[in-house]
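One structure is given below, encoded as structure tokens.
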Amino acid sequence: MSLESSTRDQRWGLQGISALVTGGTKGLGCAIVEELAALGAIVHTCARNQDQLNERVREWKEKGFKVTGSVCDVSSNAEREKLMKEVSSLFDGKLNILVNNAGTNIYKATLDYTAEDFTSLMNTNLQSAFHLSQLAHPLLKASGAGKIVFMSSISSVVSINTQYPLYSASKGAMNQLTRNLACEWAQDNIRVNAVAP
């Protein structure tokens, strides 16, 4: 082991830390799961596609990572509640890290959006992150030093594409939610941040 990797492991080790990453089978979510697990965290993730989830979990186990997964459509209240019950059981009523990563976009010009498009996108991008944070609060508080990370977007602060109006709005609201929860839940020793790739 090189000195550089040894120092990194000592500085950034997450041995024994529990984490939930939504939407963890592809893209940024997959990279987040792998990084947390590589640093020693015990990670649970969720995705809508059972086959894709099974394949990723198998790959992670082959790498020696401690990762489990369950099927969950985060746009569903009932499925979010079921997910958090499973997480509570897996991690003995405590959760150290919640990464609200799952998200979607519907690429249309503003005048082409329907009320159903609005509801669907806001449910997946904003309501799910809000509700999962609520459900995770007692587990994060029980850990003694909980952390929430919201996956926002650069489009929440600047206009980058004319087909992103609802996506941008959902991520802008997420930024404000982050600020509010950071202030409100600091008393419970829960740190709340957003990143905007």
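In the numbering used here, the protein residues as written are 34 to 230. Even for Gly, the Cβ is constructed at its ideal location relative to N, Cα and C.
Q: Give me whichever residues DSSP pairs with leucine 72 in a beta bridge.
A: Paired residues: none, contrary to the question.
Q | Candidates Ile65, Leu154, Leu173: closest to methionine 207 by CA position | A | Leu154
Q | Residue ranges of each alpha helix (DSSP H) within the stretch 44-97, 4 or longer | A | 60-71, 83-95
Q: Would you identify the three-state DSSP class for serine 103, choosing helix, strand or coil?
A: strand
Q: State whether the stretch 212-230 contacts the stretch 158-171, with contact taken as three or more CB pairs (one from each stretch) at a distance under 8 angstroms.
A: yes
Q: Measure from the alpha carbon of glutamate 112 to the alpha carbon of each residue in Ser203, Thr211, Ala162, Ser51, then state which is nearest.
A: Ala162
**Q.** Endpoints, alpha helix (DSSP H) assigned at valine 120
**A.** 110-123
**Q.** asparagine 129 and alanine 74 closer than 9 angstroms at C-beta
**A.** yes
(Q) Could you tell me which whole alpha helix (DSSP H) segments of length 4 or greater appear in the stretch 193-220? (A) 198-218
Q. CB-CB under 6 angstroms to threonine 143, same chain, minus the five flanking residues each way: which ones, in chain order?
A. Pro198
Q. Taking the C-alpha atoms as reference points, what is the distance between arginine 91 and asparagine 226?
A. 30 angstroms
Q: Let me know if lysine 118 comes out buried or exposed under the rule of 16 or more other beta-carbons within 10 Å of its beta-carbon.
A: exposed
Q) Using the rule of at least 16 other Cβ atoms within 10 Å of the residue's Cβ for burial, across every protein chain shown, is tyrosine 140 buried or exposed? A) exposed
**Q.** Buried versus exposed call for leucine 36 [16 or more other C-beta atoms within 10 Å across all chains shown]
**A.** Note on leucine 36: pLDDT 49, under 50, position unreliable in the model; no value is reported.
Q. From which residue to which residue does the beta strand (DSSP E) around alanine 227 run?
A. 223-228
Q) Does the beta-carbon distance from threonine 157 to serine 185 come in below 9 angstroms? A) no
Q. Just to confirm, are valine 107 and alanine 135 a CB contact at a threshold of 9 angstroms?
A. yes
Q | DSSP three-state assignment for isoleucine 139, whether helix, strand or coil | A | coil
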